[in-house]
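Notes to accompany the following structure.
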Amino acid sequence: AQSVTQLDSHVSVSEGTPVLLRCNYSSSYSPSLFWYVQHPNKGLQLLLKYTSAATLVKGINGFEAEFKKSETSFHLTKPSAHMSDAAEYFCVVSPYDMRFGAGTRLTVKP
Amino acid sequence: DAGITQSPRHKVTETGTPVTLRCHQTENHRYMYWYRQDPGHGLRLIHYSYGVKDTDKGEVSDGYSVSRSKTEDFLLTLESATSSQTSVYFCAISTLAGEDTQYFGPGTRLTVL
Chain W
1 AQSVTQLDSH VSVSEGTPVL LRCNYSSSYS PSLFWYVQHP NKGLQLLLKY
51 TSAATLVKGI NGFEAEFKKS ETSFHLTKPS AHMSDAAEYF CVVSPYDMRF
101 GAGTRLTVKP
Chain E
111 DAGITQSPRH KVTETGTPVT LRCHQTENHR YMYWYRQDPG HGLRLIHYSY
161 GVKDTDKGEV SDGYSVSRSK TEDFLLTLES ATSSQTSVYF CAISTLAGED
211 TQYFGPGTRL TVL
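As given, the protein sequences belong to chains W and E, one line each in that order. Numbering-wise, our numbering puts 12 at position 12 of the first sequence, and it's gapless, one number per residue. Converting from the second sequence to our numbering requires adding 110 to each position, the first position being numbered 1.
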């Protein structure tokens, strides 16, 4: 069995400040982990994925995530938020079937 | 963007009526998925397909059926729609199962009155 917990339902940051979106996972297998982003009234877009290679994964738009097995975490970070980063972010665990977290809504204040 | 379209994009229907949603892909990917998205739940898998005429249930399959007669089309049917099936439905595709990246369609907003 596998599951994902996104620790914050809503995160608010100011433009230019760092972003941290937290994700803990549970998996009986060696997991694959993903972060997807959903802008309002849009489909989901892959930001990055971890599949047992390097533990620090770089994605699009300056985002990155670090896989920490000892902490069962896969937190998403960005050094400097931009207004266009405002969206909903989903952490996802695999393999065998993808389980989505409930999502974190990121608000970016000017 | 992956070539995935969903139709219709919006639909309002009444309780007890049948509804079919269509997902069409131009990528020739083997795997296709239907999810529903509800506030506080993220996306939950309804059904998926691993080939023509090969389908299986997901996490929330009750009240839904699917069919895949061609590689490019995956249909989701609500035989008798209920208000609890009001949701946004997303189709996704992938070349492999499990760890492979899934590419999502634009979604269908379904309202059951």
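Built from N, CA and C at the ideal position, the CB exists for glycine as well.
Kindly indicate the opening and closing residues of the beta strand (DSSP E) around residue i.
i, result
"GLN135/E", "129–135"
"ALA87/W", "87–94"
"ILE156/E", "152–161"
"VAL176/E", "174–180"
"LYS49/W", "44–50"
"SER3/W", "2–6"
"THR165/E", "164–167"
"HIS120/E", "120–123"
"TYR36/W", "32–38"
"THR115/E", "114–117"
Look up residue i in the DSSP assignment and give the residues it is bridged to.
i, result
"PHE214/E", "ALA202/E"
"VAL57/W", "ALA65/W"
"ARG99/W", "VAL93/W"
"ASP148/E", "GLY152/E"
"SER73/W", "ASN24/W, LYS68/W"
"GLN195/E", "Beta-bridge pairing links GLN195/E to no other residue."
"HIS10/W", "ARG105/W"
"TYR141/E", "SER204/E"
How would you label residue i, buried or exposed, when you count the other beta carbons within 10 angstroms and need 16 or more for buried?
i, result
"HIS139/E", "buried"
"ASP210/E", "buried"
"PRO31/W", "buried"
"GLY217/E", "buried"
"VAL162/E", "exposed"
"MET142/E", "buried"
"MET83/W", "exposed"
"ARG119/E", "exposed"
"ASP164/E", "exposed"
"ILE60/W", "exposed"
"LYS58/W", "exposed"
Given the structure, does residue i come close to the ligand GDP, in the sense that its CB is under 7 angstroms from one of the ligand's heavy atoms?
i, result
"ILE114/E", "This structure lacks the ligand GDP, and indeed carries no ligand of any kind."
Query raised in the report: Would the segment 126–138 of chain E and the segment 162–182 of chain E be scored as touching if the rule is three or more Cβ pairs under 8 angstroms?
Result: yes
Query raised in the report: Does the segment 101–108 of chain W come close enough to the segment 13–22 of chain W to have 3 or more Cβ pairs within less than 8 angstroms?
Result: yes
**Report entry** Contact between the segment 56–67 of chain W and the segment 27–44 of chain W (3+ Cβ pairs under 8 angstroms)
**Finding:** yes
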